[in-house]
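Below: one structure, written as structure tokens.
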Amino acid sequence: MSEQQPESVARAWREVVDTARRSAADGLVVGTSGNVSARVGDLVLVTPSGVPYDRLGPEDAVGVGLDGHQVLGKLRPTSELPLHLTVYRETDAAAVVHTHAVHATAVSTLVTEVPLVHYAAAILGGPVRTAAYARYGTPELADAMLTALRGRTGCLLANHGTVTHGATLDQAYERTAQLEWLCRLWLTANVVPGLSPSLLSRAQLDEVTEALKGYGQEKG
Ligand SMILES: [Zn+2]
1 MSEQQPESVA RAWREVVDTA RRSAADGLVV GTSGNVSARV GDLVLVTPSG VPYDRLGPED
61 AVGVGLDGHQ VLGKLRPTSE LPLHLTVYRE TDAAAVVHTH AVHATAVSTL VTEVPLVHYA
121 AAILGGPVRT AAYARYGTPE LADAMLTALR GRTGCLLANH GTVTHGATLD QAYERTAQLE
181 WLCRLWLTAN VVPGLSPSLL SRAQLDEVTE ALKGYGQEKG
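Here it is in structure tokens:
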């Protein structure tokens with residue numbers, strides 16, 4: 001066990017489980033195909049491998065150090081642990097959400113960057129890239145993800161799914177939901193034979209990014 005206060009660890013675990021259940025309830029994952037983590041100091045709480053989220057209780061908390069060695073719990077951490085740890089080592093994120101959301105995964109098989117059909121891309125820091133394919137659970141996939149995440153808070157993983165991070169689990173989850181929506185929007189707009197969607201320019205997106213910086217401080 002780390003030096004963290006047990007209460008902050010217990011609360012973070014509760015949020016991890018709640019977020020994992022929410023991702024299943026909202027249809028962003030099927031069964032146990034996604035995974036969720038949160039960082040508390042040097043401890044990373046992460047969903048275990050292959051256990052249905054509705055069966056996870058307070059006593060099932062799984063925690064690893066930033067080097068990946070397990071320091072809390074008996075259940076085995078998710079096989080996607082390298083993705084989560086790489087985000088925590090390389091960014092100041094405190095939460096990571098990984099899903100196989102169907103529209104985002106479909107788009108990951110089609111493009112190397114999600115077309116700018118909507119300014120919601122600004123929520124993810126700019127045009128969302130697709131990380132090159134590598135087998136799940138490998139350091140190669142974590143490296144490809146890191147490249148795709150540069151300057152962004154989310155990316156697609158080719159023929160696999162999504163990764164987003166944030167300062168809180170709610171923020172990371174919201175980014176996943178927005179990314180899935182954005183991919184669904186592009187797919188929807190792209191099905192009309194003979195027509196292709198008009199796209200925003202980088203300048204138009206940058207303008208939104210600037211506007212969002214002030215969002216929350218004033219009505220608008
Ligand atoms: Zn996965």
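Okay, so the sequence shown: first residue is 1 according to full-length UniProt numbering, each after it adds one.
Every residue gets a Cβ at the ideal spot worked out from N, C-alpha and C, and that includes glycine.
Roughly how many angstroms lie between the CA atoms of residue i and residue j, to the nearest whole one?
| i | j | result |
| --- | --- | --- |
| Pro-58 | Trp-13 | 7 Å |
| residue 223 | Thr-99 | What the structure shows of the chain is the stretch from 1 to 220, and residue 223 is not part of that stretch, so it cannot be assessed. |
| Ala-122 | Glu-207 | 9 Å |
| Tyr-133 | Leu-157 | 7 Å |
| Asp-26 | Arg-202 | 31 Å |
| Val-87 | Val-107 | 22 Å |
| Ala-38 | Leu-182 | 25 Å |
| Leu-200 | Thr-209 | 13 Å |
| Leu-212 | Lys-74 | 43 Å |
So what's residue i in DSSP terms, helix, strand or just coil?
| i | result |
| --- | --- |
| Ser-79 | coil |
| Ala-132 | coil |
| His-98 | strand |
| Arg-150 | coil |
| Ser-201 | coil |
| Val-17 | helix |
| Val-208 | helix |
| Thr-86 | helix |
Using the beta-carbon count (16 or more within 10 Å), is residue i buried or exposed?
| i | result |
| --- | --- |
| Gln-178 | buried |
| Arg-150 | exposed |
| Ser-23 | buried |
Assuming the contact rule is C-beta atoms closer than 8 Å, residue i and residue j should be a hit. Round their C-beta distance to whole Å, please.
| i | j | result |
| --- | --- | --- |
| Pro-52 | Arg-76 | That pair is no contact at about 15 Å. |
| His-103 | Arg-184 | 4 Å |
Inside the segment 164-190 only - alpha helix (DSSP H) runs reaching at least 4 residues:
169-189
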